[in-house]
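Data block below; observations after.
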Amino acid sequence: MGIPEGVTIIVGGGYHGKSTLLRAIERGVYPHVAGDGREWVISRADAVSIRAEDGRAVTGVNISPFISNLPSGIDTRSFSTTNASGSTSQATNLVEAIDAGASTLLIDEDTSATNFMIRDERMRTLIPADREPITPFVDRVQPIFTELGVSTILVAGGSGAFFSAADRIISLDHYVAHDVTNEARKIAPEPWEAGRNSSSLVFSYDWASRVPTPSSLVREVNQKPAKSRGTTILFAGETIDLSAVTQLVDPAQNQAIARALDRITALADGRMSIRDLILTVEGRIDTDGLDWLSPFNGHPGHLARPRHYELHAALNRLRGLCLTGT
Numbered sequence: 479m480g481i482p483e484g485v486t487i488i489v490g491g492g493y494h495g496k497s498t499l500l501r502a503i504e505r506g507v508y509p510h511v512a513g514d515g516r517e518w519v520i521s522r523a524d525a526v527s528i529r530a531e532d533g534r535a536v537t538g539v540n541i542s543p544f545i546s547n548l549p550s551g552i553d554t555r556s557f558s559t560t561n562a563s564g565s566t567s568q569a570t571n572l573v574e575a576i577d578a579g580a581s582t583l584l585i586d587e588d589t590s591a592t593n594f595m596i597r598d599e600r601m602r603t604l605i606p607a608d609r610e611p612i613t614p615f616v617d618r619v620q621p622i623f624t625e626l627g628v629s630t631i632l633v634a635g636g637s638g639a640f641f642s643a644a645d646r647i648i649s650l651d652h653y654v655a656h657d658v659t660n661e662a663r664k665i666a667p668e669p670w671e672a673g674r675n676s677s678s679l680v681f682s683y684d685w686a687s688r689v690p691t692p693s694s695l696v697r698e699v700n701q702k703p704a705k706s707r708g709t710t711i712l713f714a715g716e717t718i719d720l721s722a723v724t725q726l727v728d729p730a731q732n733q734a735i736a737r738a739l740d741r742i743t744a745l746a747d748g749r750m751s752i753r754d755l756i757l758t759v760e761g762r763i764d765t766d767g768l769d770w771l772s773p774f775n776g777h778p779g780h781l782a783r784p785r786h787y788e789l790h791a792a793l794n795r796l797r798g799l800c801l802t803g804t
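Just so we're aligned, residue 479 is where the sequence shown starts under my numbering, counting upward by one.
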């Protein structure tokens with residue numbers, strides 16, 4: 479079975495394999511050894527899992543396509559917090575993934591913030607759009623594909639809100655996939671644009687460069703090298719929590735990220751953006767291999783290459799991160 483580009487919804491009863499299929503697609507970004515079964519699930523290497531992540535740090539991220547006009551007056555075009563809510567964290571994770579070059583977003587309703595994902599008609603009637611800061615993902619999912627070329631694969635077992643916005647709908651029944659797009663169209667025949675504000679029909683976004691200040695990466699005299707410990711990384715006197723970055727599958731990847739953060743620190747000059755810093759590190763790894771990350775001669779034997787999306791994830795979760803011009 480192939481899943482084309484566009485918006486795909488995976489539905490089905492509980493325990494019929496929806497989330498299991500999505501987890502397999504998440505892991506399909508990595509090659510697997512022939513014969514162990516997993517080689518039958520192949521995903522684009524730039525597919526990124528997105529979820530809510532209450533409490534994560536956010537620094538200078540433009541989440542205004544999803545959240546704006548907050549009662550507090552906070553400017554969401556450069557949003558920062560040390561304790562993000564479910565909706566702001568999921569909006570941030572999504573925007574950061576697209577900014578890093580993701581072609582496909584992988585989302586499970588079980589790990590999503592409901593108010594970020596949907597607003598039903600009754601709630602839209604009771605709380606009109608001019609009093610609701612959140613533009614739900616259901617209003618943005620099609621423009622994200624048509625305007626940015628970024629696809630979405632979404633597990634949705636409890637709500638049919640995405641039916642009209644989907645290009646195809648796959649049902650899992652006893653772990654067997656069936657195309658039920660036509661059946662869903664009969665249930666939700668209205669076009670996805672129906673009843674939505676004109677502002678929801680486009681995805682307007684300012685992809686401003688985010689340039690870290692060198693001083694926010696070096697905050698101690700004789701700063702110790704970054705160190706990986708389980709799903710956390712000790713760096714710049716802080717603990718970076720990567721437990722919600724689900725496409726990190728081997729502790730050796732975390733070790734490599736820790737080493738890469740040290741390299742990024744050495745490269746940061748107040749002019750290079752986060753994206754450029756990580757691209758530079760990626761280029762050196764392509765040229766010199768993982769050995770380049772190690773402070774010792776020869777391959778240390780305990781490093782596995784992470785994708786650059788996970789490098790972005792680690793740096794973006796640094797609580798003390800500061801950007802130039804903010």
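The C-beta atom is built at its ideal place from N, Cα and C for all residues, glycine as well. On a predicted model such as this, the values are computed, not experimentally measured, just so you know.
- Under the three-state reduction of DSSP, Glu-716 is assigned to strand.
- In the three-state DSSP reduction, Phe-557 falls in the strand class (E or B).
- Comparing alpha carbon positions, the residue from Asp-608, Leu-572 and Thr-802 closest to Leu-548 is Asp-608.
- Per the Cβ contact rule, the region 694-702 is not in contact with the region 753-772 (fewer than 3 Cβ pairs under 8 angstroms).
- Between Glu-504 and Asn-794, the C-beta spacing is not below 8 angstroms.
- Given a length threshold of 4 residues, each whole run of the alpha helix (DSSP H) inside the region 515-577 is given here in chain order: 564-577.
- Closest in alpha carbon position to Gln-568, among Leu-583, Gly-551 and Ala-591, is Ala-591.
- By the 16-neighbour rule on beta-carbons within 10 angstroms, Glu-531 is buried.
- Judged by DSSP in its simplified three-state form, Ser-694 adopts helix.
- When the beta-carbon positions are compared, Ile-718 and Leu-796 come within less than 8 angstroms of each other.
- Its Cα nearest to that of Glu-788, the residue Val-507 stands out among Ala-744, Val-507, Ser-687 and Tyr-683.
- Annotation for Leu-650: the continuous beta strand (DSSP E) segment containing it runs 646-651.
- Every beta strand (DSSP E) stretch that sits fully inside the region 599-640 and reaches 3 residues is listed by chain position as 629-633.
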